[in-house]
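Enquirer:
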C-alpha cells in the first residue's frame, strides 16, 4: 500500500510539473504568482511522497527513487525554459565554438558573428503599424549590433558582454551543440540537463549504499521540483558542476568493506589506504573540473581537503588551469570574460546584494562583513569536516555561504541539495525555497523577511542538533558502520 501511495503522489508531482512547464512562464510578471503557487504545490507533493518513501523497505524504495527521478525529469522537458534565458547563451557559445571561434573572442552583438546567427536566437525585426521595425517574442529583447548599431533582436541576455562561463562549461556547450543541427532550439540542453540530473541521482543512490547511508534520501535530489526546474527545464550548467563535486565527495570517502565487488573492489584497492595520495589527487581533479564547470560548486570543496590538503589542492588548481589552456592560447586574458562586470552589476562590490546585511550596514561595510563571514564558513567547513563524512560540513558551510551572499539566482543552490541528501540535514532545504521566493516576489521587504526566516530555521535546527551531540562530522553512524560488518540493510536503512 505504501508503494502505491508513493506512486500516486509521484504521478501527481509529475503531472503538476509537466503542466506548469508547458503553460506558465516566469518572463511575464503576471505569471510569476501562478508559477509560485504551482511550485509550492509541487514541493508539498514531493515532501509527502518522501515521507511515505521512508516507510518503504528494500529494493522497492531504490526503484521508486530512480523511477521517480526519471519521470520528474521527463516532465520538466514539457516546455521551453520558463525562468531564465541562460540556456540561449549556452547554445550560442556552443554554436560559435563549433564554428571554430572562441566564445571569449567576441560579444554576441558583434557584427563579426553575423554569419553564424540562427533565427531562433536572433530573429529578424518585424514591422510595426507605423512602418518602424521592432522585436517581438516572449524571450526576445531589443539591442543594437556593434560597431554598426543596427537594430538586433536576440534571445540572449547581456549580448554586449563576453561570456562569463569557465572552460569546462564551454566544452560542455560545444559538445551538446556539436551533435544537433543549429536549428535545434532549447531541447538539446534540456535533455543534457536531464541526463546530468538523473546521473547525479544514480551516483547518490549507489554511492550512499556503498558507504552505509540510507539511499532513500537520494530522493531529496531526484524528486526535487527545484532540481527539475533549474537543472532540466532551465538547463543550468550548475548541474554539471554538482555532478563533478558529488563524484569528488564519494572519491574522498572509501566505500565500506564488502560493499563493492568486481571492478569496484579493484578500484577501492587502488585508491585505498595504500593509495591515499592517488585518492587525494583524484578528488582534486574532480574538484577542479567542478570549478571549471561553474565557480559556485567550489564552495563545497574545503571539506574534502582534510586529508592530504596539499596534494588535493595542487591537483584541483592544476586541473582548473589545464582546462583554461586551450582558450588562453586562442584568446589570451580575455578568458576572464564578464566575471568582474558581473560582480559589479550584481551588487557584490557595492554591498547591496547582501540582502540580510545591507539594510543595517553601508555598502563597503556590508561587503567586508559578508566576505569575513563567507571566509569563516569555508574555514569551518574545512576544520569541522570529518574525512569519513564530509557531507555534514558541506551542507552547513554551503548553506551558510548562500544565506550570506543571497544570490539573485536560485539555481546557485543546486550545489546544496546533494549534501542535504547525504547528511539528512533537511533544515537546509529552506535555502533553495527562500531563494526561489526571492526571485518570484517583487517586494524587497518580503524577500528579505523570507531569507531571515530561512536563517532562523536553519540556525535553530543546527543548534538543536549540536545540543543533542550530532556534530558536523556526523561521525557516530559512520564510525559504527565502518567498525563492524553489516547485514544487507544498514542501521540507517532501517531507521
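Numbering (mature numbering (1 follows the signal peptide of the UniProt record, and there is no 0)), first residue to last: -18 to -1, 1 to 477.
By construction, the Cβ of each residue, glycine as well, lies at the ideal position given by its N, Cα and C atoms.
#1: Output yes or no for whether 8 angstroms exceeds the beta carbon distance between residue 350 and residue 340.
#2: Flag this pair as yes or no: are the beta carbons of residue 217 and residue 63 separated by less than 8 angstroms?
#3: Let me know the secondary structure DSSP gives residue 305 once reduced to three states.
#4: Please say whether residue 191 and residue 47 have beta carbons closer to each other than 8 angstroms?
#5: Determine the direct distance from the alpha carbon of residue 410 to that of residue 22, and round the result to whole angstroms.
#6: Under 8 angstroms between the Cβ atoms of residue 357 and residue 381?
#7: In terms of residues, what are the limits of the beta strand (DSSP E) holding residue 69?
#8: Kindly list the residues whose CB is nearer than 6 angstroms to the CB of residue 281, restricted to its own chain and excluding five residues on each side of it in sequence; keep chain order.
#9: Among residues of its own chain, excluding the 5 on either side of residue 126, which ones have a beta-carbon nearer than 8 angstroms to its beta-carbon?
#10: Could you work out which residue in 187, 292, 175 and -9 is closest to residue 31 when comparing CA atoms only?
#11: Looking at the structure shown, is residue 116 part of a helix, part of a strand, or coil, going by DSSP?
#12: Which same chain residues end up closer than 6 angstroms to residue 321 when comparing Cβ atoms and leaving out the 5 residues on each side of it in sequence?
#13: Can you give the beta carbon distance from residue -5 to residue 54, rounded, assuming they're within the 8 angstroms contact cut?
#14: Tell me whether residue 134 sits in a helix, a strand or coil according to DSSP, three-state version.
#15: When the Cα of residue 234 is compared with those of 212, 265, 214 and 220, which residue comes out closest?
#16: In chain order, what residues of the same chain lie with their CB nearer than 8 angstroms to the CB of residue 256, ignoring the 5 residues before and after it?
#17: Compute the beta-carbon to beta-carbon distance between residue 226 and residue 271, rounded to the nearest angstrom, for a pair I have assumed lies under 8 angstroms.
#18: Which value, in whole angstroms, describes the spacing of the CA atoms of residue 12 and residue 35?
#19: Using the beta-carbon count (16 or more within 10 Å), is residue 393 buried or exposed?
#20: Residue 352 and residue 386 look like a contact to me (Cβ under 8 angstroms); what is the Cβ gap, rounded to whole Å?
#21: In the DSSP assignment, find the unbroken beta strand (DSSP E) run with residue 124 in it and report its ends.
#22: Go ahead and pull the three-state DSSP assignment for residue 108.
#23: Within its chain, find whatever has a CB closer than 7 angstroms to the CB of residue 403; leave out the 5 residues flanking it on each side and keep chain order.
#24: Please name the residue or residues paired with residue 92 in a DSSP beta bridge.
Expert: Taking the definition as stated:
#1: No; because the gap between Cβ atoms is not below 8 angstroms, this pair is not in contact.
#2: Taking 8 angstroms as the Cβ cut-off, residue 217 and residue 63 qualify as a contacting pair.
#3: In the structure shown, residue 305 sits in a helix (DSSP, three-state: H, G or I).
#4: Not a contact, by the Cβ cut-off of 8 angstroms.
#5: Going from the Cα of residue 22 to the Cα of residue 410 covers about 17 angstroms.
#6: Their beta carbons are not under 8 angstroms apart, which means residue 357 does not touch residue 381 by this criterion.
#7: First-last for residue 69: 68 to 80, but that is the alpha helix (DSSP H), not the beta strand (DSSP E).
#8: Cβ within range, chain order: 380 and 383.
#9: The residues are 91, 132, 133 and 134.
#10: When only C-alpha atoms are compared, the closest one is -9.
#11: Residue state for residue 116 is assigned as strand, using DSSP reduced to three classes.
#12: Around residue 321: 146.
#13: About 6 angstroms separates the beta carbon of residue -5 from that of residue 54, a gap short enough to meet the 8 angstroms contact definition.
#14: If DSSP states are grouped into helix, strand and coil, residue 134 belongs with the strands.
#15: For residue 234, the nearest C-alpha among the options comes from 265.
#16: Note that residue 256 scores a pLDDT of 42, beneath 50, so its modelled location is shaky and nothing firm can be said.
#17: The beta carbons of residue 226 and residue 271 sit about 5 angstroms from each other, so the pair counts as a contact at 8 angstroms.
#18: Distance between the alpha carbons of residue 12 and residue 35: 36 angstroms.
#19: Taking a 10 Å sphere around the C-beta of residue 393, we find 16 or more other C-beta atoms and assign the residue as buried.
#20: At roughly 6 angstroms, the Cβ-Cβ gap stays under 8 angstroms, so residue 352 and residue 386 are in contact.
#21: In the DSSP assignment, residue 124 falls within the beta strand (DSSP E) that extends over 123 to 126.
#22: Note: residue 108 maps to strand in three-state DSSP.
#23: Excluding five sequence positions before and after residue 403, the CB atoms of its chain that fall closer than 7 angstroms to its own CB belong to 186, 199, 200, 202 and 203, given in chain order.
#24: The secondary-structure analysis by DSSP pairs residue 92 across a beta bridge with 128.
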